[in-house]
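For reference, the structure discussed in these notes is given below.
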């Protein structure tokens, strides 16, 4: 019963088979290999558009590199106060932007609302040199509380940001889960909704370690700078074929959505079970994460039964499902709740 | 006949088997997994000492992170003018040290000599605030021209550096090849010789993508800072077991030395063949790299025969062998030289 | 009637006379001059302790350099959300700390309270590598709303910070005004209260452009690093005598406190006048700043009468007095309020 | 007999009188004052063109800020190996460019020659992501050995740089001395010769502490970024009128050229005297610096007679004259040489 994190799960066997298959003979290093080229094409197909893309090993690297080409050192990125880029990346955005600020917004279920965003955008005065203006809006999909932005919300927030002269970034570490949950297409949820740069995560969804940074539309022109920053950050793996092969395996026949669907289904089942047992859900379940308010001895009972999960700073308990979560795990957890 | 780079070679099948074997069930993320713990222990055994270690995916990351805990932003690192950290990492050391300088030394066969180092150390004036003093000496093993430092040379250079108040770093991207060539033990060539921090590379030697940053002696106390910088740099992979498993596979039963021995043997055979054919070697062959001065149509003849290699800035041609180089490749190359 | 800012005021004539007097003959450059040495001695006398000090031209430089030796790149500084270092220095702290974070606290009258500080300190987990821990507490004297911390408050906040392993910094851009207002001694309000590093401002108080960064107690050992950072930041003026001479003039015969007393007295008179006229004060007046809630046409009337002041983001109007504010200005402003 | 440095000299009395005159009443802070506006106009007149300009207190700040808008973090600046930006600014360029590299060229008399520059430019491969390409050429006027580039040389070097896609910077800490020596106009030696950004120094020439960063032509569009970086660097003085007033005083009636002419004349007289006494000049005297090879007890004799000067790393002795150097000093030094 491991609900600690989707990063604790193994990789899907098809991913490893693809890595094995890629281990044949010589291949140009540093991204000039055919697997990388194929993964680029596959992403163009998936997103129904031309795009530029590069690959890295970790979500933190993807986010920080994405921000490094959007936010100047004397600029700022707006994000939710609980965003992963603010709370869980040890200042990686500040490092890669050379000191760019994060401007933090509150918001229910760790989502930014237009109501909170508008006054911050309205207060920007680019001619006032003393104050750091915002240059980027970063949205997390899923957010840290497991909630998903739907396409309408993203359109609204991106429109506001663009009108104020900002670029937009999506931390899509769990994009697959959000897409499954909201029944949106990758194109509709990203560039068609106004997202300029996307961190597209595969690791939590079932890869060993593979993330893409995708530049949509005019942003594609910044690929050279992104590649220079990637090299400079130590994120250009010599044998890049092994990263690209993972992405290809995930995209092949929709494996990535299949795995996310499974994880989401298990989360919903867990949430339903918890609800029926009378436990209150802290946040809407719109992906593979369940935040539940446990009473009295419930946490202890669950842990005694072998369940692993995190106590969350908001007072709830966080349960994360993954592509490998078994129905029996769900049943056992619900039973342990009593 | 791919002699372009050892990074173009595939990974050894035992490395992939180990990765597959590590893909069982859940494991704590971000380095708290048992593979990481075992790899630490294996490295302690190998180096015959207590040490602190962390793992990353690329050699550039290993070097830059190592320097980040040795060289302050207002300090400098001495290295050879052709060192990988100066010529081939797009400023990663400057990025990770927040602007620390590289002080460049010339030297035959891309090696630093005591003769060149001493005047630079002698000129350091730490009380003169205007000039950037050196804080680190970084040696590359192999150097960029394929030459190895022997233990005596390392002892001499490290003694000079320590006496002048510097710390020492070794970029061991091809440490295995240097050890095989000089018949030294890992301990004798590193900490016993005065190396404080080691970038220990496995990727060029046969892994998919795995490098260790090793802190010897008192440097081990800097592990917390190194881990913070690693996270901040985006180099703490969520599913770190897949990196540690590669290291374990390489160390198991001396596979890493076996592979380096093979690569070195092929390089020697290639060098001998070239010499017999009358071609002049530009640098001593002390690892898996051969730099040869080609005449007239020799380069064209080799390429026509299918050989891949690089024209080097010093006018020679670089041939790199690897764990997977076939004897038939060597024979074909020598035959093509005519 | 210029109440826009104390930075709009001229310098006191004694400061300029001291600069003129310092312009005699040759003097060693970059801080080795006798004026700098005398200013150090004068500050030791003033603070009744040994200390290390350096001088710069702007308050932003003083703050950013102070933080650069207290907060590592992977660390954070706690400050009030409206602190000058967060709102008005265009990211200078992030620049000089190479990406260190600012952790923002709310608090009435732009002051940090123990109530708000304690939970933040309590949540620090230095062994959790993903989250940025706090390394510094920075207090502003005066705060952005013109309120002063009294010695008891500073002692309490510094004790909490030190107990949690933080260092403490005071942005004393208007330290003189706070000292006059609270009737504390420089020593009691700073190092005896637990302040480790002080930015001591003279510019707003009557100098042309002179600020000191003072390292108390064990912090004095960091002077070499501070000097290296100062040089590297371009803040080591070749003819430093002209900066030191300003500091000496301000300290001579207590001129600095005399000027602050004058400014505070004018602010009190202005506040009293506004209150008698029925206007509500937004914040306590504990220095040379008055924040008043203006009604209906009052702001327009004041401006029509020639008064310069700022509309503040909290809805009030800010009036800043200075060493040169005339009683007639105060009377005219009160009269204009009606 | 102080020949240590022109930074040891006092400021000219007209500069101080201008500062005194500027100390009248209130003035908008942070550069919105009329002195700053007038100084901008005066510089446009002087350089016979539209330009954008900002002012700082030190030459290191001017250079580092200039480079910060020309050289990206993943780029490089070409300069002479003995350039002030490389040897004497404690890494300020690396700090302000966030880790941009300095690519060092040798060259007689500390000047870059086309012969040395061309191969470096020719080797730039902007599509090779591993190596840092050059983005800026920085020339020092005077160079560190006291030699001046003439207009023809600057045109040639700037043409080469521009053709290779670089921008050009001039460190004009002693621009006045070079102009006097070469009889060129400010416009001819800078923007008409191809200089994009100029650090224009007044401090060594007779100001207290005032330097301008001037953006010519299309570079003027980068003023907003420059101002943001200036604020962020702590180099936007609250009472900026006192800096601008110095610049105005220096430009008034050609004072700056008059002072440089005096300094140069003294240097020439010193050099002539040394030559007649049989001492060999190490470098051509083309400004206010004399580098002479002293024999036997000459250095001791000079110092015994009260002369202050520096032993230079190239084995010569450096004598710097300034606006305040007296003929009697020259005579005494020559006499002491014997």
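Protein chains in written order, with the numbering used here: chain A, 395 to 732; chain B, 395 to 732; chain C, 395 to 732; chain D, 395 to 732. Ideal Cβ placement from N, Cα and C applies to all residues, glycine included. Quick caveat: nothing in here was measured; it's all calculated off a predicted structure.
Straight across, the Cα-Cα distance linking residue 455 of chain A with residue 595 of chain A is about 11 angstroms.
Classified as exposed, residue 577 of chain A has fewer than 16 neighbouring CB atoms from the shown chains inside 10 Å of its CB. In the three-state reduction of the DSSP assignment, residue 523 of chain B falls in the coil class, being assigned neither a helical nor a strand state. Spanning the alpha carbons of residue 565 of chain D and residue 457 of chain D requires a straight line of approximately 6 angstroms. Within chain D, no C-beta atom comes less than 7 angstroms from the C-beta of residue 439 of chain A; the nearest is roughly 26 angstroms away.
Around the beta carbon of residue 691 of chain C, fewer than 16 other beta carbons sit within 10 angstroms, so the residue counts as exposed.
Nearest Cα to residue 652 of chain B within the set B:572, B:498, B:519: B:572. The continuous alpha helix (DSSP H) containing residue 656 of chain B extends over residues 649-670. The criterion of a C-beta distance shorter than 8 angstroms is satisfied by residue 423 of chain A and residue 633 of chain A.
Those residues of the region 518-534 of chain A placed with their C-beta closer than 9 angstroms to a C-beta in chain C are 523, 524, 525, 526, ordered along the chain. For residue 396 of chain B, the secondary structure class from DSSP, reduced to helix, strand or coil, is strand.
Using a Cβ distance threshold of 8 angstroms, residue 662 of chain D and residue 686 of chain D do not count as a contacting pair. Here residue 608 of chain B carries a strand assignment [DSSP, helix/strand/coil]. Residue 465 of chain D: not part of any alpha helix (DSSP H); DSSP gives it neither H nor E. Counting along the chain, the unbroken alpha helix (DSSP H) around residue 729 of chain A starts and ends at 721-731. For residue 583 of chain C, the uninterrupted alpha helix (DSSP H) segment begins and ends at 580-583. Per the DSSP secondary-structure output, residue 565 of chain A pairs in a beta bridge with A:534, A:593. By the Cβ neighbour-count rule, residue 588 of chain C is buried, with 16 or more other Cβ atoms within 10 Å of its own. Close to residue 626 of chain A, with beta-carbon spacing below 7 angstroms, are these residues of chain D in chain order: 468. Non-local beta-carbon contacts of residue 723 of chain B in its own chain, meaning distances under 6 angstroms to residues more than five positions away in sequence, involve 395 in chain order. Annotated as distal: residue 531 of chain D and residue 509 of chain D, with beta-carbon spacing of 8 angstroms or more. If you check each beta-carbon in the region 587-601 of chain D against every beta-carbon of chain C, the ones closer than 9 angstroms belong to 597, 598, 601.
Residue 630 of chain C reaches chain D at 452, 454, 484, counting residues in chain order whose Cβ is nearer than 9 angstroms. Excluding its 5 nearest sequence neighbours in each direction, residue 605 of chain B has C-beta neighbours in its own chain below 6 angstroms: 450, 453, 456, 595, listed in chain order. If you keep only unbroken beta strand (DSSP E) runs of at least 3 residues inside the region 480-522 of chain B, you get 495-499.
Within the model, the alpha-carbon separation for residue 712 of chain B versus residue 688 of chain B is close to 10 angstroms.
In this model, residue 610 of chain D and residue 550 of chain D are separated by some 18 angstroms (Cα to Cα). Against chain D, the beta carbon of residue 635 of chain A has no neighbour under 7 angstroms; the closest one sits roughly 17 angstroms away. Contacts with chain C at 8 angstroms (Cβ-Cβ) do not include residue 616 of chain B.
The three-state reading of DSSP puts residue 442 of chain C in coil, since its state is none of H, G, I, E or B. For residue 711 of chain A, there is no enclosing alpha helix (DSSP H); the residue is part of the beta strand (DSSP E) that begins and ends at 711-714.
When the Cα atoms are used, residue 631 of chain C and residue 439 of chain B turn out to be separated by approximately 54 angstroms. Contact check for residue 421 of chain D against residue 402 of chain C passes: the beta carbons are separated by less than 8 angstroms. The alpha-carbon separation between residue 524 of chain C and residue 517 of chain C amounts to approximately 13 angstroms.
With 16 or more neighbouring CB atoms inside 10 Å of its own CB, residue 535 of chain D falls in the buried class.
Residues of chain C whose Cβ lies closer than 9 angstroms to the Cβ of residue 396 of chain D are, in chain order, 419, 420.
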